[in-house]
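Inspection log for the structure reproduced underneath, given as structure tokens.
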Amino acid sequence: MELENPNLRLEPHATARNKAVAKIELLQGSVIIVSQPITTVLLAGENHGRCNFCHKLPTRNDRLFKCTGCASFWYCDTECQGSAWKAHHKRICRSYPRYISTSTYGSLSLQEKTDALLLSQLGAEILLSNHSSDSDKSSLFAVFKSLMPSKSPPPPLPPMPVRINATDVQDRLLEFYARFRNNNFILHSHLDSFGHGIYPLASRLFNHSCVPNAVVRYSVVQGRPPLMEVIALRMIAVGEEVREDDRQRALAAIYGFSCSCSFCAFQKIIVPSPSDGAISPRTKQCLLEFTRCFTSAPKLLHDSLQDFSRIPETLYTLLAESFSSKSHGTEVESALPDGLTLLALYCLIYPPNYPQIG
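Heads up: the sequence shown at position 266 corresponds to 266 in the UniProt record's numbering, and the numbers run straight through without jumps.
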């Protein structure tokens, strides 16, 4: 698998080994790369609610089918179940019910349970890949192996439902587990997390930033694992590094991930706030201007629109639920008006740089 594509090239980086820079001007909203996963798992709270293979939500007229072997995994149809079986489930199915009933499994945290299943599927993928001619899968493993491991030593392998006796496979799992900490991704839809995944190409190409110029979204389609799409948030000039914000920063407390992007580095040198808590008039003016709480420029909104107290409290919830249910189902076209209305509500209430309005 090539590490570069028509949009990007890798260049040396002083502290992060490499950086991905734009070969061409990347327009706002354009797809920079599409990355395939080695494997993905659902969060515990999403099990039975989404397909365990493609992670698609069933529509109102559909239902998920339970694996009759383990009674713990659910699928859209026989196609998803068959694909999961070939990829990894055949190595896990038989022992999984006994595994989740053990006290050892019960003592794990939700995060550790997710990691254990992700690592188990990875182990099964390794075992099955030894007897497979799938060149794409072999390339994904090669890219994942090339990633930098965590600086701190990894903990011992967690208990897993997959039986791995071969020493070479155990060694590879330990090697890969050392790369879990700062290379896994949180799968999300409409700001709601639903799973974890290993996307080696995206991990290899992109460095993290708290002020990114690209964002990750996941394409969930029945019959295949979720694909990661990296989208330009703004125009990215030729030679500019492409950075995203979707690494496991949300799990810093667990994985010990520490960000060293320009924004975080700048925060470390900011002059501390005055001990008396006083804010200079100039600082206060800038903050008010930025949040549109006060401005000397002409009003952007009529007084009637600025009276937020007149907006029904349930409007946001109704719009969000309607948009989410339609966009995840078969009413995609009818979801657009709800989404635009929801965006208009965000723009009305939130400051201009609020994440939900981009």
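We put the beta carbon where it would ideally sit given N, CA and C, even for glycine.
Being a predicted model, the structure only gives us computed values, none of them experimental.
Rounded Cβ spacing between residue i and residue j (contact assumed at less than 8 Å)
i, j, result
"Ile32", "Leu26", "6 Å"
"Pro159", "Thr104", "5 Å"
"Pro58", "Pro225", "Not quite, the Cβ-Cβ distance comes to about 17 Å (not below 8 Å), so this is no contact."
"Phe144", "Phe194", "About 22 Å separates the two Cβ atoms, so there is no contact after all."
"Val220", "His48", "Not a contact, Cβ separation roughly 17 Å."
"Leu187", "Thr40", "6 Å"
"Gln222", "Cys80", "7 Å"
"Asn52", "Leu43", "Actually they are not in contact, since the Cβ atoms of Asn52 and Leu43 sit about 11 Å apart, beyond 8 Å."
"Lys23", "Pro6", "7 Å"
"Phe73", "His89", "7 Å"
"Ser83", "Leu227", "Not a contact, Cβ separation roughly 14 Å."
"Pro149", "Arg172", "Not quite, the Cβ-Cβ distance comes to about 13 Å (not below 8 Å), so this is no contact."
"Thr341", "Leu319", "6 Å"
"Leu128", "Val169", "Leu128 to Val169, Cβ: 11 Å. No contact."
"Leu157", "Leu174", "7 Å"
Cut-off 7 Å between Cβ atoms - residues of its own chain near residue i, not counting five sequence neighbours on either side
i, result
"Val162", "Arg91, Ile92, Ser120, Gly123 and Ala124"
"Ile254", "The pLDDT assigned to Ile254 is 45, lower than 50, so where the model puts this residue is not dependable; a value taken from the coordinates is nonetheless given after this. So the qualifying residues of the chain are Gln111."
"Ala250", "Bear in mind that a pLDDT of 48 at Ala250, under 50, signals an unreliable position, so the number given afterwards is only what the model happens to contain. Answer for Ala250: Ile186, listed in chain order."
"Arg50", "Leu42, Lys56, Leu57 and Phe194"
"Ser146", "Arg204"
"Ala335", "Phe323, Lys326 and Ser327"
"Thr78", "none"
"Arg217", "Glu229 and Ile231"
"Tyr199", "Ser35, Pro37, Phe185 and Met228"
"Glu46", "Phe194 and Gly195"
Which residues DSSP lists as bridging residue i, in chain order
i, result
"Asp192", "Ser189"
"Thr317", "Paired residues: none, contrary to the question."
"Ile33", "Val230"
"Val21", "Arg9 and Glu241"
"Phe65", "Tyr75"
"Lys43", "Looking at the sequence shown, residue 43 is not Lys but Leu. Answer is none; Leu43 lacks a bridge partner."
"Gly339", "Gly339 is not bridged to any residue."
"Ile198", "Thr39 and Asn184"
"residue 365", "Residue 365 is absent from the model: the chain starts at 1 and stops at 358."
"Arg50", "Asn47"
Cβ neighbours of residue i in the same chain (closer than 6 Å, five flanking residues each side left out)
i, result
"His328", "Leu57"
"Ser30", "Ala232"
"Ser280", "none"
"Ala252", "With a pLDDT of 49 at Ala252, under the threshold of 50, the modelled position of this residue cannot be trusted, and the question is left open."
"Ser322", "Asp338"
"Thr68", "none"
"Thr330", "Thr59"
"Lys66", "Trp74"
"Glu241", "Lys19 and Val21"
"Gly197", "Pro37, Thr40, Phe185 and Leu187"
Same chain, Cβ closer than 8 Å to residue i, neighbours up to 5 away in sequence not counted
i, result
"Ala71", "Pro97"
"residue 359", "As displayed, the chain neither begins before 1 nor continues past 358, which places residue 359 out of reach and without an answer."
"Tyr99", "Tyr105, Pro159, Met160 and Pro161"
"Trp85", "Cys93"
"Leu315", "Leu345"
"Ser95", "Pro161, Val162 and Arg163"
"Cys76", "Cys51, Phe53, Cys54, Lys56, Pro58, Asp62, Leu64, Phe65, Gln222 and Gly223"
"Ala237", "Ala22 and Glu25"
"Val215", "Val230, Ile231, Leu233, Glu244, Asp245 and Asp246"
"Leu8", "Ala20, Val21, Ala22, Lys23, Ile32, Ile33, Leu205 and Val242"
Closer than 8 Å to chain B by CB, residue i
i, result
"Leu318", "Checking the listed chains, one finds no chain B in this structure; it contains a single protein chain."
Going along the chain, which unbroken runs of the beta strand (DSSP E) with 3 or more residues stay wholly within the segment 208-250? 214-219 and 227-232
Any contact of the segment 229-247 with the segment 203-221, i.e. 3+ C-beta pairs under 8 Å? yes
Report yes or no: do three or more beta-carbon pairs, one from the segment 12-23 and one from the segment 177-187, lie closer than 8 Å? no
Quick one: complete alpha helix (DSSP H) runs, 4+ long, within the segment 135-183? 135-146 and 167-177
Counting pairs of beta carbons, one from the segment 106-119 and one from the segment 135-144, are three or more of them closer than 8 Å? no
Please list the segments of the alpha helix (DSSP H) lying wholly inside the segment 68-130, counting only runs of 4 or more residues, in order along the chain. 78-87, 96-100, 103-106 and 110-129
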